[in-house]
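Residue numbers for the sequence shown follow the numbering used here, so the first one is 460 and each next one is one higher.
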Amino acid sequence: MPAAAARAVACTALAASLAAGTATPTQHARAADAAVLIQDFAFRPATVTVVAGESVTWTMRSDPEQHTVTPDVAGDFEGSGYLSEAGSTFRVTFTTPGSHAYHCSLHSSMRGTVVVTAAPASPAPVTPTGAAASPAPGGDVSPAPGGPGSRGEEPGGGADDVLPLAIAVVAAALGLGLLRLRRP
């Protein structure tokens with residue numbers, strides 16, 4: 460089979476898979492967790508922003524004295540205890556959106572804030588054309604008038620639902636130059 464024909468078959472198979480609802484969405488990579496350095500009797504940066512579920516790691520640099528990472532509000536997060544050696548770290552995963560202030564219990568001028576934003580909402584599940592929807596707890600799903608089942612076919616459609624999408628995907632691939640049907 461020539462390479463161009465193989466690509467056309469692959470695109471059609473992909474389109475059919477998407478139309479049938481068998482493809483799964485790709486998860487987007489999460490932003491990097493935040494890092495705070497403890498040096499020169501300061502938290503650097505003093506304010507960091509993370510998304511709920513992400514972590515902040517504090518790293519002790521070469522200050523000559525011990526430091527702590529202590530929440531201003533007791534119970535907001537568990538404090539670090541004493542950090543004294545260069546390279547020692549303390550990590551907290553924040554799950555509650557809001558502003559979480561902290562300080563060094565040994566040096567009152569050392570203050571910082573972790574701003575936690577709400578995690579982005581998960582996209583609503585998409586029911587492919589012709590696929591049966593899941594019923595709500597205690598409910599049922601009936602075909603809509605004029606929808607699948609109105610002509611006597613089974614809900615879930617069939618080749619009639621897949622073919623137009625497959626043709627559209629192949630046409631788009633050809634139009635974008637992703638697929639070339641030329642003779643060698």
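Ideal Cβ positions, reconstructed from N, Cα and C, are used throughout, including at glycine. None of these values were measured; they are calculated from a predicted model.
By the Cβ criterion, the stretch 548-556 is not in contact with the stretch 501-508, since fewer than three pairs of Cβ atoms, one from each stretch, lie closer than 8 Å.
In the three-state reduction of the DSSP assignment, residue 541 falls in the coil class, being assigned neither a helical nor a strand state.
Per the coordinates, the alpha-carbon of residue 572 lies some 4 Å from the alpha-carbon of residue 560.
Residue pairing by DSSP places residue 525 in no beta bridge whatsoever.
In the three-state scheme derived from DSSP, where H, G and I count as helix and E and B as strand, residue 567 is classed as strand. In this structure, the beta-carbon distance from residue 566 to residue 500 falls below 8 Å. In this structure, residue 514 lies away from residue 498, with their beta-carbon atoms at least 8 Å apart. Judged by DSSP in its simplified three-state form, residue 520 adopts coil rather than helix or strand.
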